[in-house]
Ligand SMILES: Cc1cc2nc3c(=O)[nH]c(=O)nc-3n(C[C@H](O)[C@H](O)[C@H](O)COP(=O)(O)OP(=O)(O)OC[C@H]3O[C@@H](n4cnc5c(N)ncnc54)[C@H](O)[C@@H]3O)c2cc1C
Ligand SMILES: Cc1cc2nc3c(=O)[nH]c(=O)nc-3n(C[C@H](O)[C@H](O)[C@H](O)COP(=O)(O)O)c2cc1C
Ligand code: SF4
Ligand code: SF4
Ligand code: SF4
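Protein chains in written order, with our numbering: chain D, 168 to 610; chain A, 2 to 441.
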């Protein structure tokens, strides 16, 4: 069996699966239950001066019959008194000394930061997470993402915390910023030991079109919330990659956002995460999902021959580069497996209306399998993405791999198009139908 | 009229006996597993006699963790692959799926289960941890679902296990009794081969434990004995004409069908006597073997049949006709079956009574008796101190499956009187735990 234990900046846990700071970590009861189910760590629901929440707090995004591909919330930090939380932290640590219990914190003044850091460390927390991410409510009071969006302020507060902290300090970043590496670098400069990302993304998840209010509705009004769940994973992965590749960030990363199964977790680790945190998936399905996460991760590592998480961390990072370094000579063309095709013709219409008119239909009556018009196919992948049949449309490589020419090289060699009607344009000579031919077509 | 032509080749046989739960392809499995809600305290799991963690294994299929999925299934049920095909899921897991509350098609749990385990079997995945040898030995009589499940579990606990099987193939009625359109011989036997390879128990085929001496030898050489002998031959009807040519017992005929496929001779007009699941299977099988007419004749009303409704629907779908409230009096024929004399019946004051003067003869050239399997009373009486209950089932402690002779344990049809593969698999496994407690 591969070793799946994780170590984030000195915080050890039996596996890389942590609960993110959120309702599933509201209480010692929930965290004990989660540890019992197999979770390796938990970031306590953000502690600070307890808040008063509204009733009606979430809005969900469903896609067709899939529920909760996205979740929006307008909840604040903990509404429970600090002393109750501290007592429970102590109790959890007594039962689960080898599991990671992290205290997420959000307060205002330097004195408060000093005090609460000492309090949670005394209670036995293994680490501290600074919530500079909450993008609703708390930021109106100058906390959460209001800090995460100001690298200088963030750095100062990290510094305050480090003045008293003896346990590792994780800085949780907000995605509501144009360049996530700026606060990430500030976290490093301030002395933080690790970063975690992402917190939720500002959002409105939809509008009640009969009563003219966005969701969730609080007595006829609404406010923007924070978006999370499977839909945010691609955004989070990109931010993770940006931080993991940045030379001045240089901190271990706890990956968060849309993680629901082992495969998601593997993707995070391959892009440089040291461990992962989960919120929405647990709010949807409960703690039990960790069993698939653990067995799937172990199975994957075994199959690939990875003995530890260190063996696989960042394996995909080296393969993410700037656009200008991609090989312009690489050429793929779609190929339809006629045996597998069920004749829905989604590929046809996608290419016809949404791409390059490179798929043709059969002239024969009743014959529904389309064909690729190779000379028109630019290899965009669209048809293979819309095809509902597994492995029916594959992208086949056509160049022989012997030539590599990048945009950067063409720019340097002076072979890149530079004027509006440049003969070197990529689309020159590419056949397109006459505009008026469109009028004869059925839509 | 018969809807099936008499099969004359293996290929035609396979066509007539097409699998009703064929192996899913990847796309089917992905779509179907996506539908599962991952219910908490899932009713499907509660309904499974082996309590497979169904939401988990389906989620594992969905996340592409097929090995983990097979592991989850086998952790609860060593006949995971076979059960996916042969279980009456309509009244077990799938019947309990929450989707049925909304009149939405339940998750096809059986086929998903079959899909997940098939890959593990094909790729000979190592999923099991065996304890190191504990020096103790257990003998198992019968390589059916009960016996093999007990053997596997005992191996995980470190026992040396030897199985004695009267026939030449393992899996008991899974290969010799279940209808061929539910599972093929190859499928049933592949899982057995996989299990034996993974668990390393020994099986001696064509080795019937037959006498007091045989039993004595087992007692001398083993620390405990597990009885998984199932039931006996079809019970006699106790009526004239039973020994005519072409009057056959259902289980015996089905066994021949499972072994010899299209080469089995089937009548043109077949009457099946009985109202249980075996009767449904036999009637359906007769139809699929090309009988021009396959008639199911039952003493009581349709509503009182012991068979599951879906089994009757399946038989009807194969072209079987039902005759109800008709009780056989005599099987007629001169050397060979030529018909059955029935009398009509009705319910009077809660009792089934014959209607005087309503006798009639239904002609046919074959009669299949599907009137239940007999209990192996004589054989069991050879074991000292072994008590049977009123229904001639072996009495056991419901937790440990220990019989009234402390060294013997029992499960499966011999103990429950005849249920399903999944019950035998569940109890055989638990009996291994009982043996373990007894011996440690
Ligand atoms: C016609 C028919 C159709 C069925 N269809 C289904 C179905 O679709 N789905 C389902 O789940 N269940 C079905 N069942 C029920 C199911 O097959 C049984 O419940 C299950 O096989 C019982 O398992 P077992 O191990 O107790 O006994 P068996 O499967 O009967 O196995 C007993 C084994 O012990 C061997 N044996 C017996 N005596 C001795 C001896 N003295 N020495 C050595 N070996 C011996 C036998 O040869 C046999 O291999 C069906 C049963 C029948 C009869
Ligand atoms: C209802 C709700 C409350 C949350 N509260 C907190 C919080 O108190 N502190 C915090 O750092 N993050 C909070 N988050 C953000 C999560 O910790 C996490 O960063 C985010 O949900 C992305 O992960 P996910 O896609 O797995 O849900 C909350 C999220 C939700 C849905
Ligand atoms: S999830 Fe629980 S707390 Fe929330 S609205 Fe439903 S019942 Fe109330
Ligand atoms: S999308 Fe796929 S299945 Fe549909 S017509 Fe195109 S190739 Fe065939
Ligand atoms: S009851 Fe149905 S939907 Fe729920 S877990 Fe079981 S199979 Fe899935």
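Heads up, the beta-carbon is just placed ideally off N, CA and C, and yes, glycines get one too.
By a C-beta neighbour count over all protein chains shown, 10 Å radius and 16 as the cutoff for buried, is residue i buried or exposed?
| i | result |
| --- | --- |
| residue 70 (chain A) | buried |
| residue 206 (chain D) | buried |
| residue 459 (chain D) | buried |
| residue 414 (chain D) | exposed |
| residue 357 (chain A) | exposed |
| residue 388 (chain D) | exposed |
| residue 289 (chain A) | buried |
| residue 308 (chain D) | exposed |
| residue 60 (chain A) | buried |
| residue 609 (chain D) | exposed |
| residue 79 (chain A) | buried |
| residue 56 (chain A) | buried |
| residue 328 (chain A) | buried |
| residue 154 (chain A) | buried |
Among all the DSSP beta bridges, which residues are the ones paired with residue i?
| i | result |
| --- | --- |
| residue 346 (chain A) | A:355 |
| residue 185 (chain D) | D:208 and D:444 |
| residue 502 (chain D) | D:561 |
| residue 410 (chain A) | A:227 and A:403 |
| residue 408 (chain D) | The partner list for residue 408 (chain D) (beta bridge, DSSP) is empty, contrary to what the question assumes. |
| residue 140 (chain A) | A:163 and A:226 |
| residue 374 (chain D) | D:381 |
| residue 170 (chain A) | Answer by DSSP bridge pairing: none, since residue 170 (chain A) is not bridged. |
| residue 1 (chain A) | Because residue 1 (chain A) is not part of the residues shown, which for chain A are 2 to 441, the question remains open. |
Closest to residue i by CA distance: which of the options is it?
| i | options | result |
| --- | --- | --- |
| residue 439 (chain D) | D:467, D:403 and D:455 | D:403 |
| residue 168 (chain D) | D:467, D:497, D:228 and D:392 | D:467 |
| residue 536 (chain D) | D:520, D:544, D:562 and D:507 | D:507 |
| residue 191 (chain A) | A:121, A:127 and A:373 | A:121 |
| residue 174 (chain D) | D:330, D:543, D:360 and D:400 | D:360 |
| residue 423 (chain D) | D:429, D:416, D:407 and D:411 | D:407 |
| residue 21 (chain A) | A:376, A:54, A:4 and A:111 | A:111 |
| residue 199 (chain A) | A:152, A:427 and A:322 | A:152 |
| residue 88 (chain A) | A:430, A:278 and A:399 | A:278 |
| residue 393 (chain D) | D:558, D:331, D:263 and D:302 | D:302 |
| residue 497 (chain D) | D:210, D:416 and D:563 | D:563 |
| residue 249 (chain D) | D:218, D:224 and D:241 | D:218 |
| residue 187 (chain D) | D:272, D:226, D:333 and D:509 | D:272 |
| residue 416 (chain D) | D:340, D:557 and D:354 | D:354 |
With a CB to CB cut of under 7 Å and the five nearest residues on each side skipped, what residues in its chain are close to residue i?
| i | result |
| --- | --- |
| residue 392 (chain A) | 418 |
| residue 433 (chain D) | 464 and 467 |
| residue 419 (chain D) | 175, 176, 361 and 441 |
| residue 331 (chain A) | 240, 241, 242 and 342 |
| residue 313 (chain D) | 306 |
Does the CB of residue i have a neighbour CB from chain B at under 7 Å?
| i | result |
| --- | --- |
| residue 312 (chain D) | Protein chains D and A are contained in the structure displayed, whereas chain B is not. |
In chain order, what residues of the same chain have a beta carbon less than 8 Å from the beta carbon of residue i, not counting five sequence neighbours either side?
| i | result |
| --- | --- |
| residue 223 (chain A) | 138, 139, 140 and 163 |
| residue 592 (chain D) | 584 |
| residue 362 (chain A) | 333, 340, 341, 342 and 343 |
| residue 573 (chain D) | 491, 492, 493, 494 and 495 |
| residue 383 (chain A) | 212, 213 and 216 |
Whose C-beta lies closer than 6 Å to the C-beta of residue i among residues of the same chain, with five residues either side of it excluded?
| i | result |
| --- | --- |
| residue 2 (chain A) | Because residue 2 (chain A) carries a pLDDT of 43, less than 50, the predicted location of this residue cannot be relied on, and no value is offered for it. |
| residue 178 (chain D) | 267, 293, 294 and 335 |
| residue 207 (chain A) | 169 |
Considering residue i, what are the terminal residues of the alpha helix (DSSP H) in which it resides?
| i | result |
| --- | --- |
| residue 111 (chain A) | 110-123 |
| residue 525 (chain D) | Careful: residue 525 (chain D) lies outside any alpha helix (DSSP H) and carries neither H nor E. |
| residue 12 (chain A) | 11-17 |
| residue 577 (chain D) | 574-580 |
| residue 425 (chain A) | 422-440 |
The beta strand (DSSP E) spanning residue i covers which residue range?
| i | result |
| --- | --- |
| residue 271 (chain D) | 267-272 |
| residue 234 (chain D) | 233-240 |
| residue 178 (chain D) | 178-180 |
| residue 361 (chain A) | 361-364 |
| residue 268 (chain A) | Counting along the chain, residue 268 (chain A) falls outside any beta strand (DSSP E), and DSSP gives it neither H nor E. |
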